[in-house]
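Please read the structure below before turning to the comments.
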Amino acid sequence: MQDVFYRPDQVGQKDLLHAVDNIKPDRTAEDLLFQVLVDWGVDLTLPIRRETVQGKKVFFVDENALVACFDAGVTEELVKDLAGREPLRVVFRDNGFVSDAVKINVEQVFRQLSPSTDVRSI
């Protein structure tokens with residue numbers, strides 16, 4: 001993650017666009033996945049499978065213990081596809097959604113299709 005700690009008096013309106021992406025530009029999807037695994041206390045020795053789902057790179061840790069997609073352009077169709085797999089946890093990149101509407105609807109989609117899934121974004 002980028003160092004995005006600022007005091008309110010240090011940030012002006014012109015600086016806000018620089019804070020949109022809180023992930024360092026040189027981080028790969030694998031870097032983000034392992035950060036999530038460590039942060040959530042998931043065993044790093046669990047099997048990880050990478051699959052292309054609707055054109056996006058999706059990681060499956062221990063089958064459906066954790067599903068992660070850090071690609072840009074996440075659509076509602078992809079969200080519904082992943083929710084249909086009923087993972088224990090799912091994580092997306094915060095600014096990876098195709099629109100704000102999709103980002104807002106993610107929790108509702110999972111609530112309907114997979115109510116026990118813990119949904120997060122980084």
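Per UniProt numbering, the sequence shown starts with residue 1, numbered consecutively.
Here a beta-carbon is modelled for each residue, glycine too, at the ideal position from N, C-alpha and C.
Predicted model only: the values in this text are computed from it and were never measured.
In this chain, the beta strand (DSSP E) harbouring R89 covers 89-92. The C-beta distance from F110 to V90 rounds to 7 Å, short enough to meet the 8 Å contact threshold. Per the coordinates, the alpha-carbon of V38 lies some 20 Å from the alpha-carbon of P25. Counting C-beta pairs with one atom in each stretch, the stretch 56-72 and the stretch 95-109 have three or more that are closer than 8 Å, which means they touch. The distance from the Cβ of R49 to that of F60 is about 5 Å, consistent with a contact at the 8 Å cut-off. For Q54, same chain residues with a beta-carbon under 8 Å away, outside a window of 5 residues either side, are T75, E77, L78, D81 in chain order.
The beta carbons of K57 and A29 sit closer together than 8 Å.
Around the beta carbon of S116, fewer than 16 other beta carbons lie within 10 angstroms, which makes this residue exposed. Here the alpha carbons of D31 and Q112 stand approximately 31 Å from one another. For E86, same chain residues with a beta-carbon under 8 Å away, outside a window of 5 residues either side, are N64, L113, S114, S116, T117 in chain order. For R120 and R93, the gap between their C-alpha atoms comes out near 9 Å.
Measuring C-alpha to C-alpha distances from G41 to each of L66, I104, N105 identifies L66 as the nearest.
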